[in-house]
Each structure stands twice: as structure tokens, then as C-alpha cells.
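Working notes, beginning with the structure itself.
There are 2 protein chains.
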Amino acid sequence: MTSATVRMSHGSGKGNKELLETVVFPALIPGGVGTLEDAFIFDIPGRRFAFTTDSFVVSPLEFPGGDIGKLAACGTINDLAMMAAKPILLSVALVLEEGLDLQLLAKMLRSLSAVCSSQGVRIACGDTKVVDKGKADGMFITASGIGIVKVGISLSAANAKPGDAVLVSGGIGLHGITVLSRRANLHFASSAVSDCAPLFGISDALLSAAPFTRTMRDATRGGLAAVLCELAESSKVCIMIREDAVPVPAVVRGACAFLGMDPFHVANEGRFAAIVPPEQAESALAALRAHPQGRDAAIIGTVAGPGKFPVLLKTSIGGTRPLEMPPGDILPRIC
Amino acid sequence: MTSATVRMSHGSGKGNKELLETVVFPALIPGGVGTLEDAFIFDIPGRRFAFTTDSFVVSPLEFPGGDIGKLAACGTINDLAMMAAKPILLSVALVLEEGLDLQLLAKMLRSLSAVCSSQGVRIACGDTKVVDKGKADGMFITASGIGIVKVGISLSAANAKPGDAVLVSGGIGLHGITVLSRRANLHFASSAVSDCAPLFGISDALLSAAPFTRTMRDATRGGLAAVLCELAESSKVCIMIREDAVPVPAVVRGACAFLGMDPFHVANEGRFAAIVPPEQAESALAALRAHPQGRDAAIIGTVAGPGKFPVLLKTSIGGTRPLEMPPGDILPRIC
């Protein structure tokens, strides 16, 4: 490594080769890369696939419980997991700002690689671009993923039906509060640790216990509120949530009370909502709770026929209020 | 459309929904999107696939002959085409800078979409993130692609053998000179038009005519020199190029002479090199020249056994010099 930071010359030619060979490949693919081709070639006859993509622009790059590398791997793996797909291949495209510390870059890539290794996901292809100082913010990662869909499972956001049960896999809001507390230096929330985690294991356990699950979705940007609104709108139903039933960790509750925020609007990176038919609700809950990531899982509501609002919240004090999508500017750059 | 520029609130929640529904989807998927899921699901039994990704950070966003949208579609399609894969699916991940003009965004997305339509490529999934003003440069696009590999074709950068012929599909350097002339306001190169184009048609024609083709690679960052060096190193051979045989458009020749640049180092986005066994060289050349994008195609050299340098250039004046990878900082952000 001839330089401690990313230079514009790392963007192409010899400089790019050097960056890849001394920093990117050793961190990302510790086993070594083979012949570099323009695309990764693979065969899997007779299977159904899922394909997804996400860009990650989180600020700051590191936070308690994770960093942009872990987030990129988890976020993309989770989008596949939510479609009942076992993640198998990941692509990694980097946009690096001139001046980025190369050791920090390597750390973020090792973090991404570690999640992939733990999940049996192969990093199949990648790209690295460099932009001038002031034209990005450290680094952005775009990860695309391919997964193999579990046989016999049919999930869709449009599948929820009146009578179905609504579950959440754990306490909500930790990722958003953690990133916010780091960004704004909020000492009262300094004990928060992001929930950022790969969800394939726990979601697959749920599908095994409740194979007629209608839909699952990880509650990222916009929080649980956004996910419930999206699912209700896609299925043309009303989702009724009992506020008391939703697990909210004390640090999230405290931070939200102080900041005037709604925990339902705060982003998660390791929590998901699932809608299951009523007869499988208890087995689904048991499967979630039996998993280390799901100890606080809960049945939080039911699906009703279409109404004036997509999601209604029965509040702790006995009232009812519509749960709406956040307007959008509460916690920018959370992932 | 309630605002003329991208706002931070377009990053999540209602604002994100509005941005997607009023700008991104109409521009990108004119036929309308179905139910939005976390991943795109598809079946193609018994086929071999290729998977690739690229981020695009070109500056400026628009240039004669193309823009960042066209570039993103072509660049990803071309990486698949170079592996003998017919592109079928594309993902589109956007990182938008606060303040980006929404009409410009829509224009870039329509441009991307038009290339996909013309090539029969489906836009399968996407993501949109917004970062603060000054933390990106207008917009970055990351496109990942999946293609189906042509049956009976086996290409690899490691396959070139002594005696093989080296071909280039057309005149080199137009993309790089075009972008540079726009960025630096070089009037003497104002007639340059980027070669940016999807290459699947012409590369597939070459493979039909020369099915034992060893390898193909599009000459993007680092130009033809970088591609030839990569192929020679992967195959552990020396590539001998006749300088006189390489087609260099007059505007590229003039600009490079004025700027002291080597046309071999200048990026292309619609030109590729191919290495074919000697007995198929003439049919490969005829197939390239018969295609509208390949009228200036040429056989530019031959493969020899390993030597001191990966690529040697026989110059017009009768000498020989090693053709090296560019150091990397000649033309940053060309794609």
C-alpha cells in the first residue's frame, strides 16, 4: 500500500489495479480472486431466483453494532430473505471519495465479507470508482444479490387477507436511534446498539413453522410504520395494530420521547414484520421466539377489510389513531 | 411533482414514495410497476447465467452521444455481452444529491430505460437514496445485470494462446475525448461524439461467426491499453500490436496529439477487443464489419508466447515499445 488515503489515480489504470490488489480484494475476498472477468458465470438448473439491489450511504460509516460494510451485506441479504430466498451471490460496487482512509476502507470491506462468509454468500463481482474530494461522503456501497427461492413458498405484499395475524420479529427502532445518537452526539442514547443483522436464518425458521405466511418485509427506512402502510396498500386491507403489543426497547422509547419522534417511524436493519394466516400465528411466533434474534418477537395486530386508513393503531390509552408513513426527513442517511 | 429539485425528504417515507411514483417509475418503467417487493423473482430452468455490476459517476452527467443513464445501461449490458451473455435483467440503484433537478433525473432515467427497451432488458429492481447537498455530485447510478450465457461458448481472459489474432471492433478513444472536451471546454474536440452503445448485437454476431473466440473485453477505463494488458496477464502471453492497424478517429488523434495523451489510454464505452484463433480471424473481422457498429473493425495484432512485457506495440516508424496500463489519473470519472 503506497498511500494512506484514496487518490483520484485509484480510479483507473495502474492505480485502480493497485487499489484492488492491495486493499479491496484482500479485505473482500480473503480466499483470493480467480481470473477477473467482466461478469460472474453460474449454473443452477431448475430453480427459482430472487434478484435485488440496494445502495448504502449511511452516515457515520461506523456505529455501535455495525458499519456500512455490515449494513450493505445485511441489507441486501435481508431483501432476499424477505422473499423466501436463500442468498447465494452478492455484487459489491464502491464509490470512494478521494482522501478516504485506506485502512478504514479495508475494515468496512472485511466487515461486509465477514457477514457473507457467515451466511454462505459468495461475493461474485464488483466495481470500484473514485470521485473527487467533496463529491461523495467517504464511501457509498451498492450491493446486489441473487438468492434461490424456497420451494413451495409464495410470498407477496399483495397477499394479506382479513383475519391474518401481524407479527414483528423483535424490539423496534434500535438501528435508527443508534445512528442518530452517533451523528448528533446524543449521550442519553449512547447505550443503543444497532439491530443490524442478517435475517435469513430467522425468516427461514418462520417459513418452516408457518409455510402459508403471506408476506414478510424488513422494517428499514420509514420504520415499521412504512412497512405496514406498504403492505396494507398492496393488499388493499386495513392493518390494526395494538400499540401495547409492539416491543419497543427502553432506550428507543426514551430517545423518542425526548426527541418527539414516533418509534414506529424509526429505521431497523434487523427486524421484520410478517403477516400469517390466523391458524399459523402461534407456530410462527414460537419459531421466531426460539431464534436468538427473535426473543422479543410478538403478535402485534390483525388484518381487517379495507378502511379509510391503511393502518390503525389502538393506543395504550384506549384510543385509535391512523399510523402514517413518516413524511421522510426524520432520519436521513440511516442506511 | 411538488418540487423541482431533489430534497433530503425524498430519501424515505412519504417523500421517497412521491419521488418514486412521480419521477423514477414513470421515467424508468413506462409500462408501470406491479406490486413492489423486496426482490424480483424469476425462473429460467437449466440455463447458465452471468452476473455483473458497475457504478457510474461520470462528470458531466450529459455529453454528446450519451448521458449517465445511457452509460449505466450500456456499461452493464456490455459486461454481460463480453461474457457471451444475452442481458435479460437490470437493477438500478440511485444515489441522488439534494438539489438535483428532477427533470434532469427523469431525463437520465428515460435514457437508461430506452437502452433497456431497445435491448429487450427488463428493469427488475431498484433503490433510491438521497444524500445532502455537497455529499455527492448530482447523481450516481449503480446497475447490476443478469444475462443468459450463449450455449457452446466458453470465454475467459485466461484463454488467449500464441498465434491468436487480436481484433478491435471500431475506432478508439471517442468516449474519453468527448467527455474530456465537455468537461474542460476544449473547442478543438467539440465535434467528438461518444461511442457509448450497447454491444450485445455486435458481440453476438462475432461469436456466431467465430464460435471459438477466446475472450472479448470492452475497452472502458484505461482504454485499449488496459484491456490488452489485462488479457495478456491473465493468459500469460505477450500481445503484439501493430500501431498502424489500430483505428483512431481523426478527432481523437488530434486531441491526443495536442494534449500529449496516448489514444490507447483513452476510455471507450462502445468498443471492444476480441482474441480469436487464427483460422477464425477473417470470419470474425467480416462479422464485425458487417455490423453497423463495426465498420471500422480491424485485426490489430497477434498473440505471442510470454515475454518481458505483456503488450508490445510495433510503432508506425518501425520501432517497438511496451504498451503499458495508464498510471490512472489521465481521465478521472469518465464513466
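Line order of the protein sequences matches chains A and B. Be aware that the first sequence starts at 30, since it is given in the working numbering, and climbs by one per residue. Be aware that the second sequence starts at 30, since it is given in the working numbering, and climbs by one per residue. Beta carbons are placed, not taken as given, at the ideal position from N, Cα and C, and that holds for glycine.
Around the beta carbon of Gln132/A, fewer than 16 other beta carbons sit within 10 angstroms, so the residue counts as exposed. Per DSSP, reduced to three states, the secondary structure at Glu298/A is coil, with no helix or strand assignment. Annotated three-state conformation of Ile359/B is coil, per DSSP.
Rounded to the nearest angstrom, the gap between the Cα atoms of Asp233/B and Ser210/A is 54 angstroms.
Under the Cβ criterion of 8 angstroms, Arg243/A is not counted among the residues facing chain B. For Met137/A, no beta strand (DSSP E) run applies; the uninterrupted alpha helix (DSSP H) run containing it begins and ends at Leu131 to Gln148, by DSSP. Within the segment 31–46 of chain A, the residues whose Cβ lies closer than 8 angstroms to any Cβ of chain B are, in chain order, Arg36, Met37, Ser38, His39, Gly40, Ser41, Gly42, Lys43, Gly44, Asn45 and Lys46. Going by DSSP, Lys343/B is part of the beta strand (DSSP E) stretching over Val340 to Lys343. At least 8 angstroms separates the CB of Ile117/A from every CB of chain B. Using a Cβ-Cβ cut-off of 9 angstroms, Gly323/B is close to nothing in chain A; its nearest Cβ partner there is about 19 angstroms away. Per the DSSP secondary-structure output, Gly176/A pairs in a beta bridge with Ala79/A and Pro116/A. As the crow flies, the alpha-carbon of Thr64/B is around 43 angstroms from that of Gly202/B. For Asp166/A, the residues of chain B that pass the 9 angstroms Cβ criterion are Val160, Asp161, Gly163, Lys164 and Ala165, in the order they occur in the chain. According to the DSSP secondary-structure assignment, Leu260/B is paired through a beta bridge with no residue.
As the crow flies, the alpha-carbon of Phe338/B is around 11 angstroms from that of Leu257/B. In the structure shown, Glu127/A falls within a coil segment according to DSSP collapsed to helix, strand and coil. Around the beta carbon of Thr82/A, 16 or more other beta carbons sit within 10 angstroms, so the residue counts as buried.
Nearest CB-CB separation between Glu66/A and chain B: below the 8 angstroms threshold. Nearest in C-alpha terms to Gly167/B, of all of Ser198/B, Ala113/B and Val86/B, is Val86/B. Inter-residue distance for Asp108/B and Arg246/B is about 8 angstroms (C-alpha atoms, whole angstroms). Interface flag for Arg151/B against chain A is unset, since no Cβ pair is found closer than 8 angstroms. Ranked by Cα distance from Lys343/B, the first of Leu138/B, Ile268/B, Ile152/B and Arg212/B is Ile268/B. A distance below 8 angstroms separates the beta carbons of Leu341/B and Leu352/B.
Residue-level contact by beta carbon holds for Cys154/A and chain B, with a gap shorter than 8 angstroms. The C-beta separation of Leu118/B from Gly174/B comes to about 7 angstroms, placing the pair in contact by the 8 angstroms criterion. Any Cβ of chain B closer than 8 angstroms to the Cβ of Met137/A would place that residue at the interface, and such an atom is absent. The alpha carbon of Gly299/A has as its nearest neighbour, out of Ala248/A, Val305/A, Asp291/A and Pro321/A, the alpha carbon of Ala248/A. Sorting Asp72/B, Ser219/B, Phe54/B and Ala165/B by C-alpha distance to the C-alpha of Leu138/B places Phe54/B at the top.
Residue contact check for Val281/A against chain B: no CB pair falls below 8 angstroms. Out of Leu49/A, Ala279/A, Gly176/A and Arg243/A, the CA that lies nearest to the CA of Leu125/A is found in Leu49/A. At a Cβ-Cβ threshold of 8 angstroms, Cys103/B and Pro227/B count as neighbours. A direct Cα-to-Cα measurement between Thr34/A and Glu272/A gives close to 48 angstroms. Going by DSSP, Leu196/B is part of no alpha helix (DSSP H) but of the beta strand (DSSP E) stretching over Ala194 to Val197.
The three-state reading of DSSP puts Pro240/B in coil, since its state is none of H, G, I, E or B. Within chain B, no residue has its beta carbon less than 9 angstroms from that of Ser198/A; the closest one is some 15 angstroms off. Ala315/A and Gly199/A have their C-alpha atoms some 13 angstroms from each other.
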